[in-house]
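Following: one structure in structure tokens, then a few remarks.
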Amino acid sequence: MTNLAHIAQTNISNIFRQLIILRDDGFVLIENAADARMKKVNLTARGKEMVSDFIRENQRQSELKIVETIDKISEEELKVVFKVASLLSSELVGDKFTSFVMKSHKDL
1 MTNLAHIAQT
11 NISNIFRQLI
21 ILRDDGFVLI
31 ENAADARMKK
41 VNLTARGKEM
51 VSDFIRENQR
61 QSELKIVETI
71 DKISEEELKV
81 VFKVASLLSS
91 ELVGDKFTSF
101 VMKSHKDL
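Using the UniProt record's numbering, the letters of the sequence shown correspond one by one to residues 1 to 108.
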């Protein structure tokens, strides 16, 4: 919960309330970890579907037109962009979040 609170820039109570709503709606599972002070949060099949749908929809309708912009960047330059973005993420948010994002995008 602490990691999620840090990423979302809010407190643990707010994170927990939102996770309970997501759990009750069938989007996530919340389990106790080996350490009783920690929780494991995983997307359900319904949650994965919702995230995938959200990504697909927002790729098509993005006001930022990021997909079209990225298409204009050469593959070599794009590698540099991702390397810098990964470094910034690790330094500003933390390695745990960066690793989570890298693993999660493969799972979707």
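We put the beta carbon where it would ideally sit given N, CA and C, even for glycine. Bear in mind the structure is a predicted one, so any value in this text is a computation, not a measurement.
Pair within 8 Å by beta-carbon distance, residue i and residue j
i, j, result
"VAL28", "ASN42", "yes"
"ALA45", "LYS39", "no"
"ARG23", "ILE30", "yes"
"ILE73", "VAL81", "yes"
Coarse secondary structure for residue i, derived from DSSP in three states
i, result
"VAL93", "coil"
"ILE73", "coil"
"ASN32", "strand"
"LYS65", "coil"
"PHE54", "helix"
CA nearest to the CA of residue i, picked from the options
i, options, result
"ASN3", "VAL80, LEU22, ARG37 and ASP25", "ARG37"
"ILE21", "GLU76, GLY47, THR10 and SER90", "GLY47"
"ALA8", "PHE54, GLY26 and PHE97", "PHE97"
"SER86", "ASN58, ARG56, PHE54 and MET102", "MET102"
"GLY26", "MET50, THR10, GLU77 and PHE16", "MET50"
Beta strand (DSSP E) segment containing residue i, residue limits
i, result
"ASN42", "39-43"
Span of the alpha helix (DSSP H) around residue i
i, result
"ASP24", "12-24"
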